[in-house]
Each structure stands twice: as C-alpha cells, then as structure tokens.
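Engineer:
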Amino acid sequence: MDTVTPPVDYEDLIKEDRVHGSLYTDTAVFEDELERIWYRGWVYVGHESEIRQPGDYCTKKIGLQEIIMARDEDGEIHLLHNRCSHRGNKVAASERGNANFFRCPYHGWTFKNSGELTGAPYRSGYDESFRKQDHGLGRVSRVASYREFVFGSLSEQGMDLREHLGEKGMEAIDGLLALSPEDDIELTAGWLKHRVRANWKMLVENEVDGYHPKFVHQSLFKVSSSQITDVASDKASSVVRDLGRGHTELDFRPEYRQMGKRLAWCGAREDSLPDYVSAMEEWHGKERAHELLVDGPPHVMIFPNLFIAETDVFVIEPHSAGETVQYQTPVFFKGAPDLNWRLLRQAEATIGPAGLLLADDAEMFERNQRGVQEKSPEWLVLRRGLERERTEDGCTIGNLTDETGQRAIWHHYKELMTRD
Amino acid sequence: MSVDRRQIEEFVYQEARLQDEGRYDEWDALWTEDAHYWVPANGDDTDPDRQISIINDNRKRIATRVNQLMTGERHSQVPPSRMRRLISNIEIEEDGNEEVKVGSNFILIESRSHSMTTWAGRTVHTLRQEGGTLKLARKKVILVNNSEALPTMSFLI
C-alpha cells in the first residue's frame, strides 16, 4: 500500500517567537533543505587563496555534493562535480593538489581541470555519435567570487551573488579585509574539522548567540584572562543585527569604541604589534587605521554556511539531519606576519575538536539535538528581546543577548522553504 | 641517558593512567618548563608555526587546559569521559645524554553516555631527567585520523 508523506508545513512550524523541534530532526526537512537552500541559492565553497597557482585544486562540498574547486591554466576558477561522467567514479581522490588533468582511475577517462573530457581510452568502442563535449564533468551552474570568497549555486536562476550578500554582507567581508595592510587575506593555515552530532541550523543560530558565552565558556573565563566577558555581557553596549537575506551579526564595536583601545579584539596590548600597526597606518592613514584597529573584525554569519568568526573563518557542512561538520581556520592577514602568528596561536587554543572554547559549544549542540526530540515541550522559545527590538539604518537590531539573530535566520529560512 | 627501558615504559604507562583517570594535576606535574604538547592536524609533520594544529600547547597553555578541566565546568567533560588506553609497540627512537625519545602506539576507548569512541595513533614522548625524576619535555600525538573530521576531543589525549 502506498502511503504518501504529506509535505512539511513550514508555516505551521515556524512562528515569530518559536520554532518546532522537528525542524532539527525530521529527515524530510533535511531533504527539503537540500533542494531549497543548498542546491538552489548561493553557498560558500572556498577561498581563492586555497588555489593560488594554476592547476591547484581542492575538494569541497555544496550540501552533500562533492565539488572540485580548481584554477585552470588561465587563472579561472571552476566548480566541478567530483564524478566521472562515464559511470560515476571519483576523479579527484585527494583533498588538495595540483593537476592540469584529472584521470579517472576506473577506465582512464581524462578531464581538463576546467571540466572538459579530453579522452576516453580505446576510442574505437564509441562511434561518431559519441561527442566529447557531451561528457564533461558536471559543472556547478553559477560560480562567483566576492573579494576572493568563492560561492556556487547549483541553480541557473536566481539573484546574483552581490544581491544575495546584500550591502551589509559585502561590507562585512570588506571589514575583514580592511584589517590587512594589503587589503587581502589568506585562508591557508589548514582546516580543523569538527564533527558534531547536531543539526546544521543549531550551529548557524549559535554563531550569533550573544546570550551563551558566560555560561558555556565559564570554565575558561575562570582560568584565563579572556576579554570576551567584557564585550559579551548583558550590560555591554554590543548589539545583534539582522543584515537581511538571512545574514546576521554580533556587533561589538560600540563596546570596543567605549574602551577606545586598539587591538582589544585580539587580546593584545596596544603596543605589542608595532609592525602591524605602522603598516596599517601606512596603508589606511593614521586616523582610519586607528578606527579599524579599535573596531576589530566582523562577527557575521552569511547564510547558510559561512561564518566570519572575527579572526577565524568557519564553514558549516550539513551531513544529515543529526550530523554536521564545521571546518575552522584562522585568518591570515596579508602584510601582518606578527598579527598572524598571534592569531594562529589563539586559534589553536580556542577552536577545533579540542578547542578550549569550541568543544563546549559542540557539547551544547549535541545535548540540544537530543533534547529537541523530547515530546514536551515541542517548541524552542525564541522570544528574547522581542519587545525591545528597534530599527537602525534600515536593520533590525537587538541587545547582544537577544534572539534577534535567530528570529532573522528563521524568517529567511521560512521564506526559502515556502516560496515556489 | 642513564635510564633503563623499564623506567621509560613505566613512565609512559603511568602518564597514560593519569590521563585515563582524570588525575589532571598529577599529569600537569609531569611536564618540564619548556613543555611542548602537540597534536598535528592534516598530516604527521605539518609546520606548527604556519599550519593549524589540533593541540599545540606550551607550558602555560597546558596549565590552562588542566585548570579548565579542574573547574569541573568544562561541559564537554561533564561528566568526564571514562577511558582506557592500551599502549604497545614501544621503541626507543633516540637515546641522548640529556633526553630520550620514545615512540609507542595506542588505542584509546572513550566512553560517554551517548557514544563510545575509538581513538588510535602513535605518540612520541621526549623524556628528560630532572633532579633524579623522569619528566616530560615534549609529547607529539599523531592520530590516525588527523586529516578527517573528529568528534569533540576535550579529554587529555
């Protein structure tokens, strides 16, 4: 007997101040998300610095799709499905490398790193109706970069990348690059890969959660002189902001400006990075450099998967309704070797599976993932700060510990899951 | 170094037991001042000054890590993982005047209420005599899966 599973009713499950637990556990929701978010809109794939030289490639994912990000001999970037057009084998076996051609190990079919099939062995087995141009590697429909952040979309239609990011999303990325005295960054430190038994949306929501640090990271604050407590307390003047298009941020600048100290954002004394500071003054001019060095980097979650975590970048990779992998790397700012050394040291300490900070966030996600399967209550309460939201420069903002960010993410999510 | 193989093995086994049993301050006391505790990521011999590591602790950070665990509030270790590691394939890699380098393999079974995880790899301990006691100067842990996605690893590996 055929049973038709009714489609998920997202209107029913997502309200202004609460969302239903099944959104994190239902496999039908996960399948819908693949089609409507991961394979339709723009998804962050990789950074151009990861494939600097012609021939460089690395393997990434878009949703569950395994994608090769490759730079061809003309310097152009291609996003190709890692799947031999013949009978489905993997043409790129390593996570990264340099190769002008990919040769399938199964029957030797060979592809240029721009995707074209150059040859299938024993050509006499195919007649003239077999045309090489019909059998290239699958291409991700649209590829676009913003300031060397490479995004892909499996859909041929839709808004362009700049529209997806919006003014605020682009400003966030610009703000990160502005902290380099060469206006450029590299994501070349390698990636820590943290497997978390939780739904990807829990990670997205947590990236802009200003409510949790004092509780989740208490154990670290007690034993080290971390400044997070200053900027992340309920008394702080920091805010959470809806940037539109599902993107959200925590903005610590009001607090940093009150403190008025340069480099507070990387826990350094004002005088401890003189080379970096003078390079910044050289590039930006003294006044602008001072502003930037006080303000620090952005803390922005670009929906659905790119988190600019101030001096780190995280990429969220969904595996199943109950499993996610988060990739994490420190940012290297070009022209700032002294800063970068410090950021690498900090990243080692705080992020990754053994991270003094991140391990405890992951623990929260995993406990949450089990908790949302309880039959009572069924809803997650997202009403914090609802009554005190306000608009500033066209964006909704809330106090740092408010759930303005989560509400913005769910509002955008609902739109994606219910539109045609 | 005038230390026999048996003493070296005992040190390695004892270090493992202190970690398994969450005896953090006793484990902390094993280290020299110039301690280096290193778990590379994405390979066995990456450059820790240019590439991110899973753990890359100096003496100060080892102390922070231990102190954090000792607060009893590190949520990923509340309750603490129950663990036992098996050590074998012990080989003296280098025996110098001041230091001895010992390689060994391990399998570690980690039990938590919702998971049981197997960890495995090779450890290289660099031991030094200080005031008649063997101390730990360097420890490098090469996990077999250090290029793959790892679950939370907030216990002492």
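Sequences listed follow chains A and B, in order.
For the first sequence, the working numbering begins at 1414 and goes up steadily by one.
For the second sequence, the working numbering begins at 331 and goes up steadily by one.
Yeah, the Cβ is synthetic: ideal placement off N, Cα and C, and Gly gets one too.
I need the DSSP call for B:Arg-347, collapsed to helix, strand or coil.
Structural biologist: Reduced to three states, the DSSP call for B:Arg-347 is helix.
Engineer: Flag this pair as yes or no: are the beta carbons of A:Val-1553 and A:Ile-1810 separated by less than 8 angstroms?
Structural biologist: Their beta carbons are not under 8 angstroms apart, which means A:Val-1553 does not touch A:Ile-1810 by this criterion.
Engineer: According to DSSP, which residues form a beta bridge with B:Gly-451?
Structural biologist: For B:Gly-451, which the question treats as bridged, DSSP gives the partners B:Phe-436, B:Leu-473.
Engineer: Go through the segment 1742-1790 of chain A residue by residue and report every complete run of the beta strand (DSSP E) that reaches 3 residues or more, in order.
Structural biologist: Taking only runs of at least 3 residues, no beta strand (DSSP E) segment lies wholly in the segment 1742-1790 of chain A.
Engineer: Are the beta-carbon atoms of A:Ala-1775 and B:Thr-482 separated by less than 8 angstroms?
Structural biologist: Against a cut-off of 8 angstroms, the Cβ pair of B:Thr-482 and A:Ala-1775 comes out as a contact.
Engineer: Entirely within the segment 1586-1646 of chain A and at least 3 residues each: give me those beta strand (DSSP E) ranges in chain order.
Structural biologist: You should have 1605-1609.
Engineer: Using only the alpha-carbon positions, how far apart do A:Glu-1704 and A:His-1660 sit?
Structural biologist: Distance between the alpha carbons of A:Glu-1704 and A:His-1660 is about 24 angstroms.
Engineer: Are the CB atoms of B:Pro-370 and B:Thr-362 nearer to each other than 8 angstroms?
Structural biologist: Cβ distance not < 8 angstroms, so B:Pro-370 and B:Thr-362 don't count as in contact.
Engineer: Which two residues bound the contiguous alpha helix (DSSP H) that contains A:Asp-1445?
Structural biologist: Here the alpha helix (DSSP H) through A:Asp-1445 covers 1440-1446.
Engineer: Could you check whether the Cβ of A:Met-1848 sits closer than 8 angstroms to any Cβ belonging to chain B?
Structural biologist: Nothing can be reported for residue 1848 of chain A: it is not among the residues displayed for chain A, which extend from 1414 to 1833.
Engineer: Would you mind stating whether A:Arg-1658 and A:Gly-1579 have Cβ atoms separated by less than 8 angstroms?
Structural biologist: Closer than 8 angstroms, so yes.
Engineer: Per DSSP, what are the beta-bridge partners of B:Ser-441 in this structure?
Structural biologist: DSSP, once it has assigned bridges, lists B:Arg-412, B:Met-446 as partnering B:Ser-441.
Engineer: Closer than 9 angstroms between beta carbons: that is the criterion. Which residues of the segment 1466-1487 of chain A meet it against chain B?
Structural biologist: Answer set for the segment 1466-1487 of chain A: empty.
Engineer: Along the chain, where does the alpha helix (DSSP H) containing A:Ala-1821 start, and where does it finish?
Structural biologist: Per DSSP, A:Ala-1821 belongs to the alpha helix (DSSP H) from 1817-1831.
Engineer: Pick out whichever of A:Gly-1551, A:Phe-1720, A:Ala-1649 has its Cα sitting closest to the Cα of A:Gly-1582.
Structural biologist: Checking every option, the nearest Cα to that of A:Gly-1582 belongs to A:Phe-1720.
Engineer: Measuring only between beta-carbons, confirm whether A:Leu-1757 sits less than 8 angstroms from chain B.
Structural biologist: Judged by the 8 angstroms Cβ criterion, A:Leu-1757 is in contact with chain B.
Engineer: For chain A, find out if any of its Cβ atoms is closer than 8 angstroms to the Cβ of B:Met-483; answer yes or no.
Structural biologist: So yes, B:Met-483 belongs to the interface.
Engineer: In chain B, which residues lie less than 7 angstroms from A:Glu-1773 when you measure between Cβ atoms?
Structural biologist: Note on residue identity: the sequence assigns Asp, not Glu, to residue 1773 of chain A. Residues of chain B passing the Cβ test: Arg-404, His-405, Ser-406.
Engineer: At a Cβ cut of 8 angstroms, what residues of the segment 1625-1636 of chain A count as close to chain B, listed as they run along the chain?
Structural biologist: Within the segment 1625-1636 of chain A, the residues whose Cβ lies closer than 8 angstroms to some Cβ of chain B are Val-1629, Gln-1631, Ser-1632, Leu-1633, Lys-1635, Val-1636, listed in chain order.
Engineer: What residues of chain B sit near A:Thr-1742, judged by a beta carbon separation below 8 angstroms?
Structural biologist: Simply Ile-382.
Engineer: How close, in whole Å, do the beta carbons of A:Arg-1453 and A:Leu-1590 come, if the pair is a contact with beta carbons under 8 angstroms?
Structural biologist: 28 angstroms between Cβ atoms; not a contact.
Engineer: Does the CB of B:Thr-448 have a neighbour CB from chain A at under 8 angstroms?
Structural biologist: Chain A, which has no Cβ nearer than 8 angstroms to the Cβ of B:Thr-448, makes this no.
Engineer: Please determine if the segment 1749-1757 of chain A and the segment 1684-1691 of chain A are in contact, where contact requires at least 3 C-beta pairs separated by less than 8 angstroms.
Structural biologist: Touching, yes, given that three or more Cβ pairs across the two stretches are closer than 8 angstroms.
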